[in-house]
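Numbering-wise (my numbering), the sequence shown opens with residue 9 and increments by one.
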Amino acid sequence: VVINASTSARPKMSGESKKEEFRKYLERSGVIDALTKVLVALYEEPEKPSNALDFIKQYLGAPTSGDVETMKAEKDEMMKKNEELTKELEVRHSCFPMPTSSL
Numbered sequence: 009v010v011i012n013a014s015t016s017a018r019p020k021m022s023g024e025s026k027k028e029e030f031r032k033y034l035e036r037s038g039v040i041d042a043l044t045k046v047l048v049a050l051y052e053e054p055e056k057p058s059n060a061l062d063f064i065k066q067y068l069g070a071p072t073s074g075d076v077e078t079m080k081a082e083k084d085e086m087m088k089k090n091e092e093l094t095k096e097l098e099v100r101h102s103c104f105p106m107p108t109s110s111l
């Protein structure tokens with residue numbers, strides 16, 4: 009018995025039914041509602057933001073490009089501070105070695 013791999017168990021969907029399935033998926037997952045809310049918020053904004061995409065990202069909770077740059081700078085600063093503290097700890101351990109206890 010030979011099974012043709014290109015034949016699927018589901019019948020092929022027409023272009024319209026694929027669109028409808030995708031629309032239902034977006035609706036079930038809350039995407040339609042979220043996009044509607046963010047677009048209404050943008051519409052109701054008295055002073056339109058210069059960057060609508062950043063507004064949408066911020067409204068949906070994603071970091072904007074400015075946020076990312078700030079976080080990178082903070083990360084670099086923290087890594088530098090961590091390195092300094094690690095070196096300081098190493099110096100202190102070398103000056104004051106921990107006594108070993110014998111049982």
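A virtual CB, placed ideally from N, CA and C, is assigned to each residue, including glycine.
These numbers were taken from a predicted model, which means no experiment stands behind them.
Residues near residue i by beta carbon distance below 8 Å, same chain, minus five either side
i, result
"M21", "E29"
DSSP three-state assignment for residue i, whether helix, strand or coil
i, result
"M21", "coil"
"K74", "First, the residue type needs correcting, since residue 74 is Gly and not Lys in the sequence shown. DSSP places G74 in helix when its eight states are reduced to three."
"E55", "coil"
"T108", "coil"
"S102", "helix"
Distance CB(residue i)-CB(residue j) smaller than 9 Å
i, j, result
"L50", "K56", "yes"
Any non-hydrogen atom of the ligand SAH closer than 8 Å to residue i Cβ
i, result
"S58", "As far as ligands go, the structure on display features none, and thus does not contain the ligand SAH."
Cβ shell of residue i (< 6 Å), same chain only, five flanking positions each side left out
i, result
"T72", "D62, K65 and Q66"
"R100", "none"
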